[in-house]
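Chains as they are written, first to last, in the working numbering: chain A, -19 to 327; chain B, -19 to 327.
Here a beta-carbon is modelled for each residue, glycine too, at the ideal position from N, C-alpha and C.
Computed from a prediction, not measured in an experiment: that's the story for all the values here.
The structure appears right after this line, and notes come after that.
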DNA sequence: GCTCACAATGGGAACGTTCCCATCCTAGGT
DNA sequence: ACCTAGGATGGGAACGTTCCCATTGTGAGC
C-alpha cells in the first residue's frame, strides 16, 4: 500500500489491482459490462473504486476517434439568445454522454476562423455553428471531412449542412397579424444592419412582401446603427409623419432594447405607439406596460441542433435537413392601443 | 497524388512529405522553430500547408499531459453574472492559448459532482469553479492531485484554493452609504435563502454589522423564496410599518428582479421607495426611473481567475490567494427620494 | 466421447503526439 | 591533424486507451 501519488490511476493499474486484463477493464468502462462474468465485474468495480479510477477521455479520444466532445461556435456569447440556445445544447449533450467545448468569436470573422481550427484540433465529433462572418471555405472543408455540422440561426447558402432555427417568415407574419389586429396601421420595421446574417435578411424581406399583400397597412423598413442617436432619429421622424396608430417591429433583442430607449427618450408611452420585439428578454415584462414579444423556443432549438448532429454521426449520408420552429407570441401592454381595448389576446 | 481521404493529416505524413523526421515536425509546431535550420523549417512549413495539417490536440494532451484545456464549472449558466464572468474567462483563456470546457450544473449538487468528474476525465489543466452545493471532498481531492483550482464568487471554507470575487463587505458598505446619503432611513435587505452560498452569507452578515454602527438607520433582513407572493408580502409589510424613506437593498440580480416586480405590483413608484440592487443587468436603466445598482467587474473577475490558474500552473506551491474586487455604483432614479433632489451622484 | 459453437478472457498493436537519447557533422582549440 | 563541444537531426519508447484477434473452457448435439 503506497502513498497515493499525485497522479491519476490508469486502466492498467486497475487491471493489476483486480487481477484482470486491461481489455476486461476497458470493457467494464466501455459499456460492455454484460460481457463480463459477475465475479470479474465485481472485482473490477471494487478495484476501480479503491483506486479512484476514472477513464482518461483524452486517451480514449485518441484511439477510437471518439472524443465525446461536441463543439459550439457562438458569435456573441453575451447575447441572451445564444445563451438560451447554449443551455439547450449543453443539456442535450449531457443526456447523450457528450461534453461541450464552447468558443466565442465576439462577432469577429478572424477569431471565427481561428476558433474553428481550434475546435477541429480537439477533434470534436460535431459542431454547432452560429456564424459571425462567412467562413464558407472552412466550414465546407470540415463538412467534406465528414464532420457533422449544424448551422444555428444564421446559415450560409454555400455550405451543405443542417440548419436549425426560427421560422422567420412565419414570425414576421405573426407579428404583422398581431399588430394589425391590435389596431396599428403604420408599421416601422427596425433591424440591425443586415450584413451577412440570414435571419435579418429573411425578416427584412418578408416584412416587405407581407406589407405588399396588406392594402390596409403602411410600412417602412430601417436598419440604423444601434449605437448613437440614430434609432431615436428614425423613430421620431417616422412618428412625425405617420401620427397615430404607429407601431415598431423590432427584428431582434438588441433592437428592442434600443427602440425602448428611444421611445422613452421621446417621451412616447408604450402602447400608444406599438412596440413588438422578436426575442424574449428577462425585462420585457418589467418595463410598464410590458413589452410584447415573439419568443423563440431556444431550448428546443438547442436540443434539436444536438439531435441533428447525433443523427448525422449515426448516418453521415443523410441529405441536409432544415428544421424551423414557430415563435410564440407574448402579448403585453406595448401592443394595446388603448388601455381598455379588446383583451382577447391576453393570456 | 491520391484522393484526399476524409481524415486529418498526421504529423508523420507531414514528415514524409517534407522529407524530415517526425521529431523535427513536432519541434516546428511545438514552438521550437528556432532549433531548425531555415531550409528544414521552410520545407516543413510548406508540406504542412499542402496537407492542411493541424496538430491533434488530443494526441498532444495524451503524451505530455498538456491538454491545453481549462475547465469552468458554472452553477447557473443562465445567470447574467455567470455569463459575464465566463466571457472574461474565455477571453483570457484564448489569450494564453487555452480552450475552455464549460459545464453547467443548473444548481444541482448531483450534477455538480458528475460534471466535476467529467472535467477531470478530460484532464483539464485548471478549473474555475462556481459551486452550487458543497462538493468539498471532490474539490479537495482534485486540489490534492495538483490540479489548480479557483473558486469563483462562492467559496468553501474547507477547500484550499484561490478565491476570486467581489469584496462583499465593501459592497454592502457602499450600498448602505449611498442609501443613507440619498436620504433613506429604513432599509430592508432582501436576499435569496442563504444556503451554502458564501456571498449571500457575507452580504447578509455585513448588513447587520453595518446597521449596528449606524444609529440613524433602521434595518431589517429577509430571505423569502423568490417564486410566489412572498417577496410582495414581505415588502408590503415592511413599507406599512416603516412608512416614508424606506429602501430595499437587493442582494443579487434575481432578487432585484423580484423586488422590482413586487414594487410594481404594489403600485409604489421607484425612488419614493428606494431600490438598490447588487449586480448590474441589461434592463436596469430601462425601468423608469432607472434602477440603481452595484455592478461587479465581471470581466476582470473572469480574467483574474484564469491568471490565478496560470500562476499556479507555473508554481504549484504558492499559498492560496484571495482576490476581491470593489463594486461600482450605478446611481439611477430608483435611489432618488424626490425628483429634484441633489444630483451630485449622477454620472 | 468427439466435435463445435459460443461465452469469457487476454495479448498486442495501433492512435498521433512528445521527449529522451543517440548520431552525425562542422568548426574551434590545441 | 586530432579531439571535442555543440548544433542539427532522427529513432524509438512512452502516454492510456480501444479493438482485432487469439486462446481457453464449457456444454450441447451427434
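Would you list the residues sitting across from residue 272 of chain A in a DSSP beta bridge?
Beta-bridge partners assigned by DSSP to residue 272 of chain A: A/256.
Using alpha carbons as the reference points, say which of A/161, A/3, A/126, A/306 lies closest to residue 104 of chain A.
When each option's Cα is compared against that of residue 104 of chain A, the closest is A/126.
To which residues does DSSP link residue 229 of chain B through a beta bridge?
Answer by DSSP bridge pairing, in chain order: B/169, B/256.
4-residue-minimum alpha helix (DSSP H) runs that sit fully inside the segment 73 to 132 of chain A, ordered along the chain
Fully enclosed alpha helix (DSSP H) runs of 4 or longer: 89 to 101, 116 to 124.
Among A/0, A/142, A/47, which one has its Cα closest to the Cα of residue 26 of chain A?
Distances from the CA of residue 26 of chain A to each of A/0, A/142, A/47 were compared; the closest alpha carbon is that of A/0.
Is it the case that the Cβ atoms of residue 164 of chain B and residue 254 of chain B are separated by a distance below 8 Å?
Yes, the Cβ-Cβ distance between residue 164 of chain B and residue 254 of chain B is below 8 Å.
Counting contacts by CB-CB distance shorter than 8 Å, is residue 268 of chain B in contact with chain A?
Yes, residue 268 of chain B counts as interfacial toward chain A.
Go through its chain and collect everything with a Cβ distance to residue 13 of chain B's Cβ below 8 Å, but skip five positions before and after it.
Contacts found: 7, 21.
Leaving out five residues on either side along the sequence, give the residues of the same chain with a beta carbon under 7 Å from the beta carbon of residue 73 of chain B.
Cβ within range, chain order: 50, 79, 80, 286.
Contact set between residue 36 of chain B and chain A, taken where Cβ atoms lie within less than 7 Å:
Going along chain A in sequence order, the residues near residue 36 of chain B (Cβ under 7 Å) are 101, 103.
Interface positions of the segment 246 to 266 of chain A facing chain B (Cβ-Cβ less than 9 Å), listed along the chain:
Hits within the stretch, in order: 261, 262, 263, 264, 265, 266.
Would you kindly work out how many angstroms separate the C-alpha atoms of residue 5 of chain A and residue 102 of chain B, rounded to a whole number?
Rounded to whole angstroms, the gap between the alpha carbons of residue 5 of chain A and residue 102 of chain B is 19 Å.
Using 8 Å as the threshold, is the C-beta distance between residue 231 of chain B and residue 271 of chain B below it?
No, Cβ-Cβ distance for residue 231 of chain B and residue 271 of chain B is not below 8 Å.
Option in B/215, B/63, B/93, B/289 with minimal Cα separation from residue 131 of chain B:
Selected option, being the one with the closest Cα: B/289.
So, is residue 239 of chain A buried or exposed, given that buried needs 16 or more other C-beta atoms within 10 angstroms?
Classification for residue 239 of chain A: buried.
Residues of chain A with a CB under 8 Å from the CB of residue 281 of chain B: which are they?
Near residue 281 of chain B there are no residues of chain A at all, since even the closest Cβ is about 15 Å away, more than 8 Å.
Cβ-based burial, residue -9 of chain B [other Cβ within 10 Å; buried from 16]
Residue -9 of chain B should be labelled buried.
Could you tell me whether any Cβ in chain B is nearer than 8 Å to the Cβ of residue 98 of chain A?
Using a CB distance cut-off of 8 Å, residue 98 of chain A counts as an interface residue toward chain B.
Using a C-beta to C-beta distance shorter than 9 Å, which residues of chain B count as neighbours of residue 63 of chain A?
Neighbours of residue 63 of chain A on chain B, chain order: 57, 58, 60, 63.
Grouping DSSP H, G and I as helix and E and B as strand, with all else coil, what is residue 65 of chain A?
Note: residue 65 of chain A maps to helix in three-state DSSP.
Is residue 311 of chain B close to chain A? Criterion is C-beta to C-beta, closer than 8 Å.
Not one chain A Cβ lies under 8 Å of residue 311 of chain B.
Just curious, the beta strand (DSSP E) that residue 200 of chain B is in, first and last residue?
Element bounds for residue 200 of chain B: 198 to 202.
Per DSSP, residue 250 of chain A forms a beta bridge with which residues?
Answer is A/253, bridged to residue 250 of chain A.
Go ahead and pull the three-state DSSP assignment for residue 51 of chain A.
Three-state DSSP puts residue 51 of chain A in a strand.
Measuring straight from C-alpha to C-alpha, what distance separates residue 321 of chain B and residue 260 of chain A?
At residue 321 of chain B the pLDDT is 44, less than 50, meaning the model places this residue with poor confidence; the figure from the coordinates comes in the next sentence. Taking the straight line from one Cα to the other gives about 36 Å.
Secondary structure at residue 303 of chain B, three-state DSSP: helix, strand or coil?
Note: residue 303 of chain B maps to strand in three-state DSSP.
Could you check the C-alpha separation between residue 124 of chain A and residue 82 of chain A for me, to the nearest Å?
Taking the straight line joining both Cα atoms gives about 22 Å.
Identify whether residue 213 of chain B lies in helix, strand or coil by the three-state DSSP scheme.
If DSSP states are grouped into helix, strand and coil, residue 213 of chain B belongs with the helices.
Anticipated Cβ contact below 8 Å, residue 148 of chain A with residue 189 of chain A, distance rounded
Going by Cβ atoms, the distance from residue 148 of chain A to residue 189 of chain A rounds to 12 Å, so no, they are not a contact pair.
Should residue 278 of chain A be labelled buried (16 or more other beta-carbon atoms within 10 Å of its own) or exposed?
Residue 278 of chain A is classed as buried because its beta carbon has at least 16 other beta carbons within 10 Å across all chains shown.
Within the chosen definition, does the segment 200 to 215 of chain B reach the segment 241 to 253 of chain B through at least 3 CB pairs nearer than 8 Å?
Taking a contact to require three or more Cβ pairs closer than 8 Å, the segment 200 to 215 of chain B and the segment 241 to 253 of chain B qualify as touching.
Check whether residue 168 of chain B and residue 159 of chain B have beta carbons under 8 Å apart
Residue 159 of chain B is positioned such that its CB atom lies no closer than 8 Å to that of residue 168 of chain B.
Which residues mark the beginning and the end of the alpha helix (DSSP H) in which residue 159 of chain B is found?
That run of the alpha helix (DSSP H) goes 148 to 161.
Could you tell me which residues DSSP puts in a beta bridge with residue 143 of chain A?
When DSSP reads this structure, residue 143 of chain A sits in a beta bridge with A/131, A/302.
Beta-carbon separation of residue 119 of chain B and residue 136 of chain B under 8 Å?
In contact: residue 119 of chain B and residue 136 of chain B (Cβ atoms closer than 8 Å).
How far does the alpha helix (DSSP H) with residue 308 of chain A in it extend, from its first residue to its last?
Taken as a continuous stretch (DSSP letters only), residue 308 of chain A belongs to no alpha helix (DSSP H), being part of the beta strand (DSSP E) at 308 to 310.
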